[in-house]
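Protein chains: 2
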Amino acid sequence: MATINIRGDIREATCAEELIAMRDSIELFSGKWKLQLLRYLSNRPAEKNLFKKMLGEIGGISARMLSKELKVLEMNFLATRTVLNTRPITVAYAITPYGQTILPVAEALVQWGLEHREKVKATIAS
Amino acid sequence: MATINIRGDIREATCAEELIAMRDSIELFSGKWKLQLLRYLSNRPAEKNLFKKMLGEIGGISARMLSKELKVLEMNFLATRTVLNTRPITVAYAITPYGQTILPVAEALVQWGLEHREKVKATIAS
DNA sequence: CTGTATCCACTGGGATACTG
DNA sequence: CAGTATCCCAGTGGATACAG
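Chains A and B supply the protein sequences, listed in that same order. According to the working numbering, the residues represented by the first sequence are 229 to 354, in order. According to the working numbering, the residues represented by the second sequence are 229 to 354, in order.
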C-alpha cells in the first residue's frame, strides 16, 4: 500500500475520479488493523494511549504491525505520535480531528456488517 | 476470502461483535473490483448487464476476475445471475435490493476518498 | 460466450531476533 | 520501551490456455 494514500493513474472514462477515490479509501481501510486502531483511539480520547498499553489491550496484534499501522495512520494525518520524556521513552498516540472524519464511515461498515451477518444467518437457516 | 462472508472466531473482549462485523465488511469490500461492480450494476438497473458488455466497459478487468468477483457477490446475495436463452448462451447480472443497501456505504467511501485527496494535496503543497 | 484451470509475481501479515 | 530487519507462508490478482 502506498504510504501516502493517493493514487495517480487516471484512466477510466466514466467517473474516473470517483473510482480512484474509492480505491484510495478501500486501500487505506483494507487490512486487519487500521480502522480498528482508529476506533480504539477515538474511544479513549482523554487517556494517554501508550504503545505498550495498546499492545496489551488490542488482542492479537504484534508490535511490528502496531508500529507499522500507526505510522501509516500518522502519514495520512489520521493520528499523532508523541514521544514522552520518560526513561525509557514511551510514546503516546491520539486520533486527529481529521481522523475522526472516518469514524462515521467506519460505523457504517460496522452496521452493515452486523446486518449482513443476520442476513446470511437467516438465509442459511431457511 | 471466505466466499460466504461470515467470520466465526469470537475472541476479543471489547465489542467483539462489532469488530468482527467490521472485518467482515472490510474483507468483503476489499480487493479491486467488488464495490466497483456493484456501483456499475446499480447505475444500469434497467439494462441487461451482460457479461461481455461488462467486460468491455469496465476497464482493466479480466474475464477471470469478473467471473470470480460476480460469483462472490452472488453468494453474498448482492447480485443475481441469469442465464439467457441465446445461442451461444449469454448471462445477465443485476444488483439485488439487498445489494443496494451497500451503496450508501460505498458512496461514503467515495466521498471520503475525494476529500482525502484534497486534504493530502493541500497539506503537501503547503 | 462464459467461464475454469494453471502458472506466476507480488503483497500482507505473523514469528522471531535484534537495535537505540 | 519502541521500533526495525529478516524470514516465511498464504492469499490476491494478472496472463494465458482450455472447456462446456
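Note that CB positions come from ideal geometry on N, CA and C, so glycine has one too.
Check, Outcome
"Neighbouring residues, chain B, relative to E297 (chain A) (Cβ below 9 angstroms)", "Near E297 (chain A) there are no residues of chain B at all, since even the closest Cβ is about 13 angstroms away, more than 9 angstroms."
"Among A:T314, A:N271, A:T351, nearest to T324 (chain A) - alpha-carbon criterion", "A:N271"
"Cβ-Cβ distance between E343 (chain A) and T314 (chain B) below 9 angstroms", "no"
"Top-ranked residue by Cα proximity to L269 (chain A), from A:E255, A:P316, A:Y326, A:E245", "A:Y326"
"Per-residue contacts from V311 (chain A) into chain B (C-beta, under 7 angstroms)", "What V311 (chain A) touches in chain B: nothing, since even the nearest Cβ is about 22 angstroms away."
"Three-state secondary structure assigned by DSSP to T351 (chain B)", "helix"
"Closer than 7 angstroms at the beta carbon, the chain A residues around T351 (chain B)", "F305"
"Interface residues of chain B facing A334 (chain A) [CB-CB closer than 8 angstroms]", "M250"
"Boundaries (first-last residue) of the beta strand (DSSP E) holding L269 (chain B)", "No beta strand (DSSP E) holds L269 (chain B); the alpha helix (DSSP H) holding it covers 262 to 271."
"Listed by chain order, chain B residues near I330 (chain A) by CB distance under 7 angstroms", "W340"
"I323 (chain B), enclosing beta strand (DSSP E) - first and last residue", "318 to 323"
"For E275 (chain A) and T310 (chain B), the rounded distance between their alpha carbons", "54 angstroms"
"Of the listed residues B:R345, B:G259, B:V338, nearest to L301 (chain B) (C-alpha basis)", "B:G259"
"Test item: CB-CB of L337 (chain B) and F305 (chain A) under 9 angstroms", "no"
"Test: S290 (chain B) CB closer than 9 angstroms to a CB of chain A", "no"
"9 angstroms Cβ cutoff, R239 (chain A) in contact with chain B", "Residue placement at R239 (chain A) cannot be trusted, given a pLDDT of 39 that sits under 50; what the coordinates show is reported in the next sentence. Yes, contact with chain B."
"Backbone secondary structure at L247 (chain B) - three-state DSSP", "helix"
"CB contact below 9 angstroms: Y326 (chain B) versus chain A", "yes"
"Status (buried if at least 16 other CB within 10 Å, exposed otherwise) for L312 (chain B)", "exposed"
"Residues near T318 (chain B) by beta carbon distance below 6 angstroms, same chain, minus five either side", "L278, L312"
"Amino acids of chain B, ordered along the chain, whose beta-carbon sits closer than 7 angstroms to that of F257 (chain A)", "I254"
"Residue interval of the beta strand (DSSP E) (run including R309 (chain A))", "307 to 312"
"A334 (chain B) and R267 (chain B) closer than 9 angstroms at C-beta", "yes"
"The alpha helix (DSSP H) enclosing R315 (chain B), as first and last residue numbers", "Per DSSP, R315 (chain B) belongs to no alpha helix (DSSP H) and is neither H nor E."
"Assumed close pair G287 (chain A), D252 (chain B) - CB separation to whole angstroms, cut-off 8 angstroms", "That pair is no contact at about 17 angstroms."
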